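Residue numbers (the numbering used here): 3 to 250.
Structure first, then comments.
In structure tokens:
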């Protein structure tokens, strides 16, 4: 069975060979390396999840977020001590966390309360295709849903089409998981740059479904999954086994 998420689709579009490596657990664990930005992003997402899921409403403040980060960072540092190579790197990310938490608290993204945070929905579109994803946060207000996705990295103009597809994909999953509610809006919140992009709901979810099915067909028909040279090749974790680099 083919299992697709927005990140898997984006990886396939970037490079089919990288996609092949990512979906093979043994290959992924053998070659993929954690980076400070990746570990930091996961830490921030984890803190914001616990901020709603494990914290009383009256205790939702900066000090709570700071303590959550401190606790999670200690655990993460033990697990990823080779990632944070020096004291300067640690200080940099601790200060960045404070900045992003303050940005988060200043912005009221919706008037509703979270229905779910850090949820991992799955939907069987057909017997051969399962869709999966991750909702950072879904708020419920007046029987309508607001989908919120956090971004901890820099805003990239050329990445917006991927993000828009991601939100449409998630909207589709939302309507399957909560058919009793309508999706009112979708929000991308860039914590690093305090930038908020709002998207209206999709005009036609059947169109979204057809786009997903077209992509699934393309991947299923791509038997070779050959590498595709792109601007990120020099940063790829799979250079050691990539045919492009072996030719050099």
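Built from N, CA and C at the ideal position, the CB exists for glycine as well.
Computed from a predicted model, the values in this text were never measured in an experiment.
Look at the beta carbons and you see the segment 211-230 not touching the segment 135-152: under three pairs across the two are nearer than 8 Å. The continuous alpha helix (DSSP H) containing residue 52 extends over residues 38-55. If you compare the alpha carbons of 200, 141, 43 and 169 with that of residue 113, the shortest gap goes to 141. Secondary structure note for residue 30: it is in no beta strand (DSSP E), and the uninterrupted alpha helix (DSSP H) holding it is 27-33.
Taken in chain order, the whole beta strand (DSSP E) runs of length 3 or more contained in the segment 144-174 are 146-153. Assignment of residue 199 by DSSP, reduced to helix, strand and coil, places it in the strand class. One Cα belongs to residue 206, the other to residue 174, and the distance between them is close to 10 Å. The straight-line gap separating the alpha-carbon atoms of residue 86 and residue 37 is approximately 8 Å. For residue 65, the uninterrupted alpha helix (DSSP H) run begins and ends at 64-81, by DSSP.
The residue from 165, 129, 108 and 157 with its alpha-carbon nearest to that of residue 135 is 165.
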